[in-house]
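Chemist: Sharing a structure below in structure tokens format, with a few things to ask.
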Amino acid sequence: MERRLGRGLGSLLGQTDEAPQAGSRKEQFGAGADEGPAGIGELIAIDSIRRNPDQPRKVFESEALEELRDSIERHGVLQPICVRRVGRGFEIISGERRWRAARNAGLERIPAVVRDEVADDVSLELALIENVQREDLDPIEKAEGYRSLMDRVGLTQEQIAERLGLKRSSVANQLRLLELPTEGQDAVRKGLITMGHAKALLSIRGAASLRKALQEIVRKDLSVREAERLAKAGVARPAAASAKAESSTGSSPAWVGDLERRLRAALGVKVTLRSGKGYRGSIQLDFAGREELDRLCDQLAPKDTL
8 MERRLGRGLG SLLGQTDEAP QAGSRKEQFG AGADEGPAGI GELIAIDSIR RNPDQPRKVF
68 ESEALEELRD SIERHGVLQP ICVRRVGRGF EIISGERRWR AARNAGLERI PAVVRDEVAD
128 DVSLELALIE NVQREDLDPI EKAEGYRSLM DRVGLTQEQI AERLGLKRSS VANQLRLLEL
188 PTEGQDAVRK GLITMGHAKA LLSIRGAASL RKALQEIVRK DLSVREAERL AKAGVARPAA
248 ASAKAESSTG SSPAWVGDLE RRLRAALGVK VTLRSGKGYR GSIQLDFAGR EELDRLCDQL
308 APKDTL
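Note that the numbering used here has the sequence shown beginning at 8, numbered continuously upward.
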């Protein structure tokens with residue numbers, strides 16, 4: 008990651024090629040850390056730190072944060088966050104997940120590299136580049152990060168690609184996701200459609216036709232190739248999709264496929280229905296993370312509010 012950033016984030020964090028010096032991790036990194044290599048940085052009050060408003064990540068999955076919190080409780084914060092001084096407090100440049108998890112773990116202070124003279128545009132560029140390289144950002148969050156680098160920092164697609172070690176075409180394709188309507192972007196976020204599906208949808212002219220095709224792709228769980236055929240034919244039902252709809256599992260009756268499509272449309276997730284004799288069987292719901300699981304639980308089995 009640092010190789011791709013060149014002199015930018017690496018120099019900001021004060022990272023070098025030298026091995027870290029030994030020291031007291033408990034003193035430097037907080038409760039739960041014993042002996043081991045100490046990181047760079049100083050301990051600052053967690054309550055004096057504010058999040059970066061330009062953070063590309065919009066959703067912090069509760070399960071992942073809980074795992075990081077548990078790790079911090081056992082081992083401490085192993086890598087300092089990077090902040091800049093703003094007024095009487097600090098603003099995060101990188102490391103918001105660590106800051107959130109440390110706060111949830113009850114730490115009062117956190118190790119941080121403090122940079123006093125970082126201009127707004129430099130801080131914005133470093134924060135965005137550091138975050139859009141993370142693998143766990145969803146495709147829309149990455150696209151929004153690229154757009155911010157263009158609109159607010161003034162970088163071109165070529166410059167973004169160079170800083171991230173990507174091809175310019177990859178950046179361009181990612182940015183095209185933002186041309187999808189809100190429903191399409193939500194489907195990408197949830198994993199209901201892939202980049203391949205999105206590319207096929209973007210070839211359709213007319214917002215109404217695009218939305219109709221999106222609904223058909225999600226309802227019928229079409230493959231990318233089927234989505235491409237659908238796009239070329241306007242919104243006509245492709246032959247492959249017809250066969251799939253008539254027999255969801257090969258020998259299942261037609262009502263199984265129809266019910267699967269209705270459930271997918273109602274719940275917003277992939278649904279698989281298996282039917283046996285006497286209407287015995289099972290329904291499988293696929294969810295992509297803790298947030299989607301919580302949403303399904305609230306939708307299917309809301310908690311008693313009495």
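Cβ coordinates follow ideal geometry from the N, Cα and C atoms, glycine included. Predicted model only: the values in this text are computed from it and were never measured.
Please report how far the alpha carbon of ARG92 lies from the alpha carbon of PRO146, in whole angstroms.
Modeler: Rounded to the nearest angstrom, the two C-alpha atoms are 31 Å apart.
Chemist: Please identify the residue among PRO309, PHE97, GLN166, ARG302 whose C-alpha is closest to the C-alpha of PRO60.
Modeler: Closest option to PRO60, Cα to Cα, is PHE97.
Chemist: Please work out which residues of its chain come closer than 6 Å, Cβ to Cβ, to ARG281, disregarding the five sequence neighbours upstream and downstream, and give them in chain order.
Modeler: Excluding positions up to five away in sequence, the list reads GLY288, SER289.
Chemist: If you draw a straight line from the C-alpha of TYR286 to the C-alpha of ARG271, how long is it?
Modeler: So the alpha carbons of these two residues sit roughly 20 Å apart.
Chemist: If you check the beta carbons only, do ARG159 and LEU185 fall under 8 Å apart?
Modeler: No. Outside cutoff.
Chemist: Going by DSSP in three states, PRO309 sits in which element: helix, strand or coil?
Modeler: If DSSP states are grouped into helix, strand and coil, PRO309 belongs with coil.
Chemist: Can you say whether ASP127 is buried or exposed, counting buried as having 16 or more other CB atoms within 10 angstroms of its CB?
Modeler: Flag for ASP127 reads exposed.
Chemist: Just the C-alpha distance for LEU114 and GLY102, rounded to the nearest angstrom, thanks.
Modeler: Cα to Cα, the separation comes out at about 15 Å.
Chemist: Under 8 Å Cβ to Cβ from ARG122, same chain only, skipping five residues before and after it: list those, please.
Modeler: Excluding sequence neighbours, ARG122 sits near LEU19, CYS89, VAL90, ARG91, ARG92, ILE100.
Chemist: State buried or exposed for LYS284, treating a residue as buried only when at least 16 other CB atoms are found within 10 Å of its CB.
Modeler: Under this definition LYS284 is an exposed residue.
Chemist: Going by CA-CA distance only, name the one from ALA109, LEU187, GLY161, ARG116 that's closest to GLU49.
Modeler: Considering only alpha carbons, the answer is ARG116.
Chemist: Roughly how many angstroms separate the alpha carbons of GLN306 and ASP265, rounded to a whole number?
Modeler: GLN306 and ASP265: Cα-Cα distance of roughly 21 Å.
Chemist: Do the segment 191-210 and the segment 228-236 meet, that is, are 3 or more Cβ pairs less than 8 Å apart?
Modeler: Touching, yes, given that three or more Cβ pairs across the two stretches are closer than 8 Å.
Chemist: I'd like the list of long-range same chain contacts for LEU16, defined as Cβ closer than 6 Å, with 5 residues on each side in sequence excluded.
Modeler: Because LEU16 carries a pLDDT of 40, less than 50, the predicted location of this residue cannot be relied on, and the following value inherits that uncertainty. The answer, listed in chain order, is LEU133, GLU137.
Chemist: Using DSSP bridges, identify the partner residues of CYS89.
Modeler: CYS89 pairs with SER101, VAL120.
Chemist: State yes or no: is the C-beta of ILE79 within less than 8 Å of the C-beta of ALA119?
Modeler: Cβ atoms of ILE79 and ALA119: not closer than 8 Å.
Chemist: Among LYS197, GLU190, ARG236, VAL225, which has the Cα closest to the Cα of LEU144?
Modeler: Comparing Cα positions, the closest option is LYS197.
Chemist: If we count the other Cβ atoms within 10 Å of its Cβ and call it buried at 16 or more, is GLY161 buried or exposed?
Modeler: Exposed: under 16 other Cβ atoms inside 10 Å.
Chemist: Nearest-angstrom Cα distance between ALA308 and VAL195?
Modeler: Cα to Cα, ALA308 sits roughly 25 Å from VAL195.
Chemist: Are SER192 and VAL178 close, meaning C-beta to C-beta below 8 Å?
Modeler: Inspection of the sequence shows that residue 192 is occupied by Gln rather than by Ser. Cβ atoms of GLN192 and VAL178: not closer than 8 Å.
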